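Participant: Residue numbers (the numbering used here): 1432 to 1643.
All residues carry an ideal CB built from backbone N, CA and C; glycine is no exception.
Quick caveat, the model's predicted, so the values are computed rather than measured.
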Amino acid sequence: SIRHGGSNIGNGNEINGLTLGGVGSGTTISFVEIVANQDDGIEFFGGSVNVSNAVVWNGNDDGIDTDQSWSGTLDNFVVISPNTAGAHCFELDGPEGTYSAGHTIKNGSVMASFASRAAENLIDVDNNSIVNLENIFITGIKTGQDVNRTSAAGVVFTKIELNVPSADLQNFVTGTIPAGITAASTPSTGVGADLTKFTWTWASKSTEWGSL
């Protein structure tokens, strides 16, 4: 459990809870919790490392941030209520420079807001982002939170379920709603995180686990 990190090292420059810079596929990270970090929960800068069974909660910037053509997989995870303006549950940036690769984020449960804490966007991607998003349930959604873009050719949405009324789904998706994004009050079978993997975490023992 990585707690209360994110020291300021310059104006607007705080340390992430877990920063993975160019870490290769020979490294596997599993069963990690990021608590109350000043900046992003987990940020990937390139590399191909795989991460599983991860919890990010109560942070002050993005829950999951991907950059510079990270090409690994994040599997079975929970993100709870990133906070402050400009903080997103997911900030998934496109490639920089000539190298281009994509990544996969799957089997996750997300609490987009809790009490007075709320993320800005649910999912924030660039026009050139390359990412497969699969089997993710997002709840605790407030007015103004949305999937910022569905037109990026390299972004694939598969079984992304938003806990909002079906009639209101368009209010939470900018652009045409792809078949892979639907409204659901509870996660369908196979969608969301396996929460039994997180009984050891502080997050699971707190009230912020909420309706996940």
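Within the continuous beta strand (DSSP E) that includes tryptophan 1640, where are the two ends?
Facilitator: No beta strand (DSSP E) holds tryptophan 1640; DSSP gives it neither H nor E.
Participant: Could you check how far apart the C-beta atoms of alanine 1634 and isoleucine 1473 are, in whole angstroms? I think they sit under 8 Å.
Facilitator: Between isoleucine 1473 and alanine 1634 the Cβ distance is about 14 Å, and since that is not below 8 Å, they are no contact.
Participant: Hey, methionine 1542 and threonine 1570 are a contact pair by Cβ (cut 8 Å); roughly how many whole angstroms apart?
Facilitator: With 8 Å as the limit, methionine 1542 and threonine 1570 qualify as a contact, their Cβ atoms being about 6 Å apart.
Participant: Apart from the five residues on each side of it in sequence, which residues of its chain come closer than 6 Å, Cβ to Cβ, to aspartate 1498?
Facilitator: Excluding positions up to five away in sequence, the list reads Phe1476, Asp1524.
Participant: One question on the structure: do threonine 1658 and arginine 1580 come within less than 8 Å of each other, judged by their Cβ atoms?
Facilitator: Given that the chain is displayed from residue 1432 to residue 1643, the structure contains no residue 1658 and the question cannot be resolved.
Participant: In the DSSP assignment, find the beta strand (DSSP E) that holds serine 1461 and state where it starts and stops.
Facilitator: Note, serine 1461: beta strand (DSSP E), 1459 to 1466.
Participant: Going straight from the alpha carbon of serine 1642 to that of alanine 1584, what length do you get?
Facilitator: Between serine 1642 and alanine 1584, the C-alpha separation is close to 33 Å.
Participant: Looking at glycine 1478: is its Cβ nearer than 8 Å to the Cβ of glycine 1452?
Facilitator: Yes, these two residues count as a Cβ contact at 8 Å.
Participant: Taking the straight line between their C-alpha atoms, what separation do you get for histidine 1534 and valine 1454?
Facilitator: The straight-line gap from Cα to Cα measures roughly 14 Å.
Participant: Count the other CB atoms, across all protein chains shown, that sit within 10 Å of the CB of tryptophan 1640; report buried if there are 16 or more and exposed otherwise.
Facilitator: When all chains shown are included, tryptophan 1640 counts as buried.
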